[in-house]
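Everything on this sheet refers to the single structure shown next.
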Amino acid sequence: MSYQQKTSAVSLFTTFLVFAIYAAQMLPLYEAGRFEEADGAAFVGKAILALIVASIVVNIIATIFFNIAHAIITNTPKPSFLLDERDKAMELRGLRISFFIVSAAFCIALIALVFGQSLFIVFNLIIFSFAIGDATSNVLKLTASQWGF
Amino acid sequence: MAKCNVSNSIRRLRFDNDEMTQKQLAETVGVTRQTIVAIEKAHYAPSLELAFLIARTFDVPLEDVFTYEDEQA
Chain A
4 MSYQQKTSAV
14 SLFTTFLVFA
24 IYAAQMLPLY
34 EAGRFEEADG
44 AAFVGKAILA
54 LIVASIVVNI
64 IATIFFNIAH
74 AIITNTPKPS
84 FLLDERDKAM
94 ELRGLRISFF
104 IVSAAFCIAL
114 IALVFGQSLF
124 IVFNLIIFSF
134 AIGDATSNVL
144 KLTASQWGF
Chain B
1115 MAKCNVSNSI
1125 RRLRFDNDEM
1135 TQKQLAETVG
1145 VTRQTIVAIE
1155 KAHYAPSLEL
1165 AFLIARTFDV
1175 PLEDVFTYED
1185 EQA
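These protein sequences, in sequence, are chains A and B. Here the working numbering is used: the first residue of the first sequence is 4, the next is one more, and so on. Here the working numbering is used: the first residue of the second sequence is 1115, the next is one more, and so on.
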């Protein structure tokens, strides 16, 4: 596994972890009707903003710990951060796939809004599509060496 | 498995050049070892610039390194 593949695996894990914790916290609140209250829309906004900030912070911390562990285990104090043409091509393809997933989810969210779904459902459809797009991009990088791309 | 139509003889050329390793070749042309592995397996077609750099490393013409195979009918 290259260094880029390992960082993709770490990113995949942290994304899954953060969104799993978020879902575990939000689902009981949704079932209790917290988001139907007068300040429900504002609460949805706060929850999603907190999710975004937590996702960035956890990713940074996980990357730092991974780099330290990687340096100790592989005895390479300076890993190769080289991003060559193949890595860039894989990133571009991953971005394209992510964009497609987010676009599709945005359309589905709008359709859900038309059919009377709550803002909580609509915004979470969009935010989870970002996570799925990012995860798909990371899976592509992980499997590219075995399957080509 | 995705395979490209560009085949190569990089592996043979490496062995003929003092048994050069994939890592050494990668460092010489400025890419990762995984990219050299992918090129040798024909899982990735290099850019023109990278192809020329590889050919120049072995001091052979480009056509001696890479071959384009027509798709099977």
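Even for Gly, the Cβ is constructed at its ideal location relative to N, Cα and C.
- Taking the beta carbon of B:V1145 as reference, the chain A residues within 8 Å of it are L85, D87, E88 and R89, listed in sequence order.
- Residue burial is scored here from C-beta neighbours: A:G97 has at least 16 other C-beta atoms within 10 angstroms and is therefore classed as buried.
- Within chain B, the residues T1146 and Q1148 have their CB atoms less than 7 Å from the CB of A:S5, given in chain order.
- An exposed status is given to B:L1162, since fewer than 16 other beta-carbon atoms sit within 10 Å of its beta-carbon.
- Residue-level contact check: B:L1167 does not touch chain A, since none of the beta carbons of chain A fall below 8 Å from its beta carbon.
- Contact annotation: in the segment 1171-1185 of chain B, no residue has its CB less than 8 Å from a CB in chain A.
- For B:S1161, the nearest beta carbon of chain A is closer than 8 Å to its own beta carbon.
- In this structure, A:H73 sits near A:K9, with a CB-CB distance shorter than 8 Å.
- Within the model, the alpha-carbon separation for A:L122 versus A:L116 is close to 8 Å.
- In the DSSP annotation of this structure, the continuous segment of the beta strand (DSSP E) that includes B:N1122 starts and ends at V1120 to N1122.
- Against chain A, the beta carbon of B:L1164 has neighbours under 7 Å at E88, listed in chain order.
- When rounded, the separation of the alpha-carbon atoms in A:F19 and A:A50 is 17 Å.
- Per DSSP, B:F1129 has no beta bridge partner at all.
- Taking C-beta separations shorter than 8 Å and ignoring five residues to either side along the sequence, the partners of B:P1175 in its chain run A1169, following chain order.
- Looking only at A:L95, A:Q120, A:T17 and A:Q28, the smallest Cα-Cα distance to A:T66 is reached by A:T17.
- Secondary structure at A:F133: helix, using DSSP grouped into helix, strand and coil.
- Taking B:D1178 as reference, the option from B:L1127, B:V1143 and B:N1119 with the minimal CA-CA separation is B:L1127.
- In this structure, DSSP gives B:Y1158 a state outside helix and strand, which the three-state scheme calls coil.
- Secondary structure at B:T1181: strand, using DSSP grouped into helix, strand and coil.
- Boundaries of the alpha helix (DSSP H) harbouring A:D90: E88 to V117, taken from the DSSP string.
- Per DSSP, the unbroken alpha helix (DSSP H) holding A:M29 starts and ends at Y6 to E34.
- A:I114 is classed as exposed because its beta carbon has fewer than 16 other beta carbons within 10 Å across all chains shown.
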